[in-house]
Amino acid sequence: MTALTPQIVAGLPGAFRKLSPRQMWRNPVMFIVEVGAALTTAVALAQPLLGGDAASIAFTWAIAAWLWLTVVFANLAEAVAEGRGKAQAATLRATRTSTLATRVVSYDGDSDAAASTARTERVASAELRLGDVVVVAAGDLIPGDGDVVWGIASVDESAITGESAPVVRESGGDRSAVTGGTRVLSDRIVVRITSKPGETFVDRMIRLVEGASRQRTPNEIALNILLASLSIVFVIVVLTLGPIAGYSNATPTLAVMIALLVCLIPTTIGALLSAIGIAGMDRLVQRNVLAMSGRAVEAAGDVTTLLMDKTGTITYGNRRASEFLAVDGGDPAELGRVAALASLSDPTPEGKSIVDLARERGIAVPATVDAVVVPFSAQTRMSGVDFADGTMIRKGAGSAVRAWVEQDGRVASTLLAEVEEQADRIGGLGGTPLVVARRSPGAAAELLGVVYLKDVVKPGIAERFAEMRAMGIRTVMVTGDNPLTAAAIAKEAGVDDFLAEATPEQKLELIKKEQEGGRLVAMTGDGTNDAPALAQADVGVAMNTGTSAAKEAGNMVDLDSDPTKLIDIVAIGKQLLITRGALTTFSIANDVAKYFAIIPAMFAAVFPGLGLLNIMQLHSPASAILSAVVFNALVIVALIPLALRGVKYRPMPASRILTRNILVYGLGGVIAPFIGIKLIDLVVSLIPGF
Numbered sequence: 001m002t003a004l005t006p007q008i009v010a011g012l013p014g015a016f017r018k019l020s021p022r023q024m025w026r027n028p029v030m031f032i033v034e035v036g037a038a039l040t041t042a043v044a045l046a047q048p049l050l051g052g053d054a055a056s057i058a059f060t061w062a063i064a065a066w067l068w069l070t071v072v073f074a075n076l077a078e079a080v081a082e083g084r085g086k087a088q089a090a091t092l093r094a095t096r097t098s099t100l101a102t103r104v105v106s107y108d109g110d111s112d113a114a115a116s117t118a119r120t121e122r123v124a125s126a127e128l129r130l131g132d133v134v135v136v137a138a139g140d141l142i143p144g145d146g147d148v149v150w151g152i153a154s155v156d157e158s159a160i161t162g163e164s165a166p167v168v169r170e171s172g173g174d175r176s177a178v179t180g181g182t183r184v185l186s187d188r189i190v191v192r193i194t195s196k197p198g199e200t201f202v203d204r205m206i207r208l209v210e211g212a213s214r215q216r217t218p219n220e221i222a223l224n225i226l227l228a229s230l231s232i233v234f235v236i237v238v239l240t241l242g243p244i245a246g247y248s249n250a251t252p253t254l255a256v257m258i259a260l261l262v263c264l265i266p267t268t269i270g271a272l273l274s275a276i277g278i279a280g281m282d283r284l285v286q287r288n289v290l291a292m293s294g295r296a297v298e299a300a301g302d303v304t305t306l307l308m309d310k311t312g313t314i315t316y317g318n319r320r321a322s323e324f325l326a327v328d329g330g331d332p333a334e335l336g337r338v339a340a341l342a343s344l345s346d347p348t349p350e351g352k353s354i355v356d357l358a359r360e361r362g363i364a365v366p367a368t369v370d371a372v373v374v375p376f377s378a379q380t381r382m383s384g385v386d387f388a389d390g391t392m393i394r395k396g397a398g399s400a401v402r403a404w405v406e407q408d409g410r411v412a413s414t415l416l417a418e419v420e421e422q423a424d425r426i427g428g429l430g431g432t433p434l435v436v437a438r439r440s441p442g443a444a445a446e447l448l449g450v451v452y453l454k455d456v457v458k459p460g461i462a463e464r465f466a467e468m469r470a471m472g473i474r475t476v477m478v479t480g481d482n483p484l485t486a487a488a489i490a491k492e493a494g495v496d497d498f499l500a501e502a503t504p505e506q507k508l509e510l511i512k513k514e515q516e517g518g519r520l521v522a523m524t525g526d527g528t529n530d531a532p533a534l535a536q537a538d539v540g541v542a543m544n545t546g547t548s549a550a551k552e553a554g555n556m557v558d559l560d561s562d563p564t565k566l567i568d569i570v571a572i573g574k575q576l577l578i579t580r581g582a583l584t585t586f587s588i589a590n591d592v593a594k595y596f597a598i599i600p601a602m603f604a605a606v607f608p609g610l611g612l613l614n615i616m617q618l619h620s621p622a623s624a625i626l627s628a629v630v631f632n633a634l635v636i637v638a639l640i641p642l643a644l645r646g647v648k649y650r651p652m653p654a655s656r657i658l659t660r661n662i663l664v665y666g667l668g669g670v671i672a673p674f675i676g677i678k679l680i681d682l683v684v685s686l687i688p689g690f
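With UniProt numbering, the residue at position 575 of the sequence shown is 575, and numbering never jumps.
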């Protein structure tokens, strides 16, 4: 709560502005409380004119004050939730400053020559329209969202993603989309604008993080209707209590009737419902995921099928050395040492992984080597080093290394056959074999063995899929690999199913098939060919590095372009639903407990039998009613941190989550009012007249 204090103070002006009936009517429960507060205030003002005694006037004013505080606290919860996006929105607005753009008047070719010879003009970025073509050079800000139609450049996107490392954007691929407000660091690109003024990616982000464009989700609307219906029922119940009590000449005052109504309607969840939804979107923003609607976040919580690409999501994408396979009874350690020496000057991820694997196996590998480096080339398909004593080592594709050793003419055919057998076995598993050979002066060429490169499954991914399974979520790996390779990786990763040799059409058909079975599907993508599947999926997460078509088709954008974040998105959606369910359970249980404070206080004198319900032994009827109203207001403030932080999520079946909510929040909602109202009553009883 201490950490929230500055946010609460900053949110107070907004909470008071939200008292306008034009805003309050959108929340029926709290609108009833506001109307009740206004009526109680009117009664308090009229009481002196009607000859009311000092005690009753003080009681009515106390009820009115706490009813107004109840409304303010409810607005404060929403204001604090919305305020969390203000700082990020301010940062984003700084990137949206108007810049000058070099617009091409007529561009009819995707080449540097076409861009160089075309007539250009300098215009403000605000004047750019959909379809305009601009030239952006190193050091310039990109004036608007678009796609690179020519060139390749390094771009600084830290203003959007927070990541300081520059990214590469180029034409003709899945990394062609650029965002307005980011800066080109090198080279020169030609960009075609794909957004209208005021509808850029940054503009949408600002509206979303501020909550200005947040629409209520279907579940949220349904819960609002339920809460409004319950409130109307309690309005009717309270209205009938007056005539019933009148038969006993003990008609409750209007202030007491309003207090009873406010304490019986579900004010706690009515006050926090909007804040819970805003906070759910905010948790995504904190993880650099932009949800285009609250509905997408909610749908993530209901997802039952996850479609995930193999490369970059389940596996690293870059092939890594996983095994040294010596031939002819050779020593794997010697094979590893030679392969590592040949890789010391290899800058590729594969080459670095060979050195890393050798060191992991305890093989001594020097930091540098005093030899002539033979770099890899597309012609030789090999790399290696030549030492001063005439020794040469090579690693590379099997056919290239075989041709190199056959130049010596003294390699046994059985040895060649063994290497080919190992290479064929690795290839059948979907891996990549690198053959290692050595030639020394005066000795026959040696085939030392094969380095097994494979697409390595990320550590811990199997455990995360197990968590998904525990929640009833089915995981499907989508890959372009052959079925044999796909099956091996799927088994190692622990996914439930896989789609091998997948085409965009097959992805779309798979999603439709899952949805026909009543499942909600989530998937990630970055290319234009992923757009149909992203649009069809219930939760489509587009990578920020992807094309504009992919980002338009999805209902979420991951600014970090991390496909594994889909699992975190599902967890955040689950947490949103669990938080809403938990606080709804608490609110209803909370209302039940307050019956035992107010009903006996109102009618025990007329109906002595109700005294049995006065188990809290409150000081007086006035003290009991005021204590219940005070507790009803304070519990909202106490639950604001939980609504913003969310109930801690643990992967478990829905039945266990329901049981846990009932035990923790249902039972807690019953017990908390007994303790809280009794403590407040002890304080109120010290005030003269109560």
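Ideal placement from N, C-alpha and C gives every residue a C-beta, glycine not left out.
Can the beta-carbon of residue i be found closer than 8 Å to that of residue j?
i	j	result
MET382	VAL365	no
LYS310	THR479	yes
LEU306	LEU566	yes
LEU576	GLY554	no
LEU290	VAL539	no
ILE221	GLU82	no
ALA371	VAL385	yes
LEU230	ILE265	yes
ALA339	VAL451	yes
Which residues bound the alpha helix (DSSP H) around residue i?
i	result
PHE464	Before going further, note that residue 464 is Arg rather than Phe in the sequence given. From DSSP, the alpha helix (DSSP H) with ARG464 extends over 461–470.
PRO375	Where PRO375 is concerned, there is no enclosing alpha helix (DSSP H), given that its DSSP letter is neither H nor E.
SER623	621–645
ARG320	Element bounds for ARG320: not the alpha helix (DSSP H) but the beta strand (DSSP E), 320–326.
What first and last residue would you give for the beta strand (DSSP E) that runs through residue i?
i	result
LEU499	497–499
LEU434	432–439
PHE59	Unbroken run through PHE59 is the alpha helix (DSSP H), 54–83; no beta strand (DSSP E).
GLY398	Unbroken run through GLY398 is the alpha helix (DSSP H), 398–406; no beta strand (DSSP E).
LYS454	446–454
MET556	556–558
GLU170	167–170
THR182	That residue, THR182, is in no beta strand (DSSP E); it is neither H nor E in DSSP.
Taking residue i and residue j to be in contact with their CB atoms under 8 Å, please state how far apart those CB atoms are, rounded to whole angstroms.
i	j	result
GLY546	ASP568	19 Å between Cβ atoms; not a contact.
LEU520	THR304	5 Å
VAL191	VAL149	7 Å
VAL262	VAL33	5 Å
ALA597	SER561	Actually they are not in contact, since the Cβ atoms of ALA597 and SER561 sit about 55 Å apart, beyond 8 Å.
THR585	TYR649	Actually they do not touch by this definition, with Cβ atoms about 16 Å apart.
ASN224	PRO28	7 Å
THR524	ALA549	With a Cβ gap of about 15 Å, THR524 and ALA549 do not count as contacting.
LEU484	GLY427	Actually they do not touch by this definition, with Cβ atoms about 10 Å apart.
Quick one: residues in its chain with C-beta nearer than 7 Å to the C-beta of residue i, no 5 flanking neighbours on either side, listed in chain order?
i	result
GLY581	ASN661
VAL592	VAL670
GLN47	SER56, ILE57 and THR60
ALA212	With a pLDDT of 43 at ALA212, under the threshold of 50, the predicted position of this residue should be treated as unreliable, though the coordinate-derived value follows. Hits under 7 Å: none found.
ARG319	GLU350, THR432, LEU453, LYS454 and ASP455
ALA502	VAL478, THR479 and GLY480
VAL43	THR60, LEU254 and ALA255
ASP408	ARG439, ALA444 and ALA445
PRO166	SER154, VAL155, ASP156 and LEU185
ALA10	GLY83
ILE675	none
ILE461	ILE314 and ALA493
Could you work out which residue in the options is closest to residue i when comparing CA atoms only?
i	options	result
ALA445	LEU416, VAL684 and ASP424	LEU416
ARG469	MET652, VAL451 and VAL355	MET652
PHE201	ALA177, ILE640, ALA371 and ALA490	ALA177
SER399	ALA622, ASP408 and PRO433	PRO433
LYS594	ILE677, ARG119 and SER186	ILE677
GLY198	GLU127, LEU239, GLU418 and SER171	GLU127
THR40	GLY329, ILE225, ILE687 and ILE63	ILE63
ALA589	ALA65, ASN529 and LEU663	LEU663
GLU334	ARG361, GLU170 and LEU260	ARG361
SER620	ARG656, THR579, THR564 and ILE687	ILE687
Could you pull out every residue in the same chain whose Cβ sits closer than 8 Å to the Cβ of residue i, ignoring the five residues on either side in sequence?
i	result
TYR247	Low per-residue confidence applies at TYR247: pLDDT is 49, beneath 50, and the placement is therefore not dependable, though the value from the model is reported in the following sentence. The answer is none, since no qualifying residue turns up.
ALA138	ALA153, VAL184, LEU185, SER186, ASP187 and ARG188
Could you pull out every residue in the same chain whose Cβ sits closer than 6 Å to the Cβ of residue i, ignoring the five residues on either side in sequence?
i	result
ARG474	THR305 and ASP496
Return no unless some Cβ of chain D is closer than 8 Å to the Cβ of residue i.
i	result
ARG122	Protein chain content of the structure displayed is limited to a single chain, and chain D is not contained in it.
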